[in-house]
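Here the structure comes first, spelled out in structure tokens, and everything after it is commentary.
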Ligand code: SER
């Protein structure tokens, strides 16, 4: 891992992965690829290109002598339902282009799958590593197909491609965008900005979640692990915390940090939440409540650090500064 390409680098994961990779020992360059204009202060070498333009991606790989790709470009679950054709094109054709180039230039690849690979026929509690995969969203369909494609390239071409099924990722650097689990991010913004939030899932909705620092650390750990430890070439279950929507509300309201900060912001010291489930409730109801990730813990030493209280504290602390 010396010359790294991160695709979709300005998105939720990329904007935190790029700086983390730049700090990593042995890394020489990190090329941050996206098709949009970069946010202010985006580190790394910026390259703009469409992910479905294979020739443009190949030029970037050659220009910087890339050896490792973190392929993050993706439409998420809710946006994918608004435009299923685009979701298929970007998520599947983008991945195929990266895998083919990886074979050609002998690159290592990280590609994220998701809890969206599961569906209503999957056991919802402590979902096992190997289980039924019958998702009902286009996003989920591209994740299952992508997992199988990765495993196919590993078996057929001996390509070192690794993957995890991320739960909902919670972070403060990039605003929420197009996911079903994003209520758990948006709620922090509204808590600090207005003190009220209309939640698009029911209060008893439980979904697997993870604080971004854990996700980034885990991702790099997976890519650093010796190939002999990687037993799963579809995608590893990876879990941290599961909570009800109203448990998160309670945690925010009980946080001394929230009370302290809002008192200074015009006296709002209580977060009031109303629940108005929309089309995303159906997506949430089709996903697991909790995940069994013992294989990732056993194979390459995955371990999470942030529980609900610690995550809530850092979210409030950092967002308060940045808002
Ligand atoms: N966070 C994603 C979503 O909600 C799940 O991978 O779409």
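In the numbering used here, the protein residues as written are 27 to 349. Backbone N, C-alpha and C define an ideal beta-carbon position, used for all residues, glycine too.
Each residue's CA atom was taken as its position, placing residue 305 and residue 31 some 35 angstroms apart. Those residues whose C-beta sits under 5 angstroms from the nearest heavy atom of the ligand SER are, from N- to C-terminal order along the chain, 102, 103, 140, 142, 194, 205, 206 and 207. Note that the stretch 135 to 155 touches the stretch 178 to 198; at least 3 beta-carbon pairs, one per stretch, sit closer than 8 angstroms. Nearest to residue 165 by alpha-carbon distance, out of 183, 150 and 206, is 206. In the three-state DSSP reduction, residue 230 falls in the coil class, being neither helix nor strand. By the CB criterion at 8 angstroms, residue 213 and residue 337 fall outside the cutoff.
Bridge pairing for residue 235: 194 and 267 [DSSP].
Runs of beta strand (DSSP E) with 3 or more residues, each lying fully within the stretch 109 to 174, are found at 134 to 136, listed in chain order.
Considering only 128, 172, 73 and 83, the residue with the shortest C-alpha distance to residue 94 is 128. Residue state for residue 101 is assigned as coil, using DSSP reduced to three classes.
Every alpha helix (DSSP H) of 4 residues or more that sits fully in the stretch 321 to 349 is shown, in chain order, as 334 to 348. With respect to residue 58, residue 70 sits close: the two C-beta atoms are nearer than 8 angstroms.
The DSSP-derived three-state label of residue 241 is helix. The beta carbon of residue 226 is closer than 8 angstroms to those of 209, 302, 303, 304, 306 and 307 in its chain, skipping five residues each way along the sequence.
For residue 222, the three-state secondary structure derived from DSSP is strand. The three-state secondary structure of residue 318, taken from DSSP, is coil. Looking only at 277, 265, 157 and 122, the smallest Cα-Cα distance to residue 179 is reached by 122. Residues 296 and 297 of the same chain have their beta carbon placed closer than 7 angstroms to that of residue 279, with the five preceding and five following residues left out of the count. Counting of Cβ neighbours within 10 angstroms places residue 113 among the buried residues, the total reaching 16 or more.
If you draw a straight line from the Cα of residue 326 to the Cα of residue 220, it comes to about 42 angstroms. Spatial neighbours of residue 40 in its own chain (CB-CB distance under 6 angstroms, excluding positions within 5 residues in sequence) are listed in chain order as 32, 34 and 98. Apart from sequence neighbours up to five positions away, the residues of its chain that approach residue 335 with a beta-carbon distance below 7 angstroms are 277, ordered along the chain. In terms of Cβ geometry, residue 44 and residue 27 do not form a close pair [threshold 8 angstroms]. In the three-state scheme derived from DSSP, where H, G and I count as helix and E and B as strand, residue 36 is classed as coil. Separation of residue 77 and residue 149 (C-alpha to C-alpha, rounded to the nearest whole angstrom) is 34 angstroms. In terms of Cβ geometry, residue 147 and residue 158 form a close pair [threshold 8 angstroms]. Annotation: residue 284 to residue 218 spans about 8 angstroms, alpha carbon to alpha carbon. In this model, residue 86 and residue 63 are separated by some 17 angstroms (Cα to Cα).
Under the 10 Å beta carbon count, residue 108 is surrounded by fewer than 16 other beta carbons and is classified as exposed. Distance from the CA of residue 100 to the CA of residue 124, rounded to the nearest whole angstrom, comes to 13 angstroms. Of the other Cβ atoms in all chains shown, 16 or more fall within 10 Å of the Cβ of residue 241; this residue is therefore buried.
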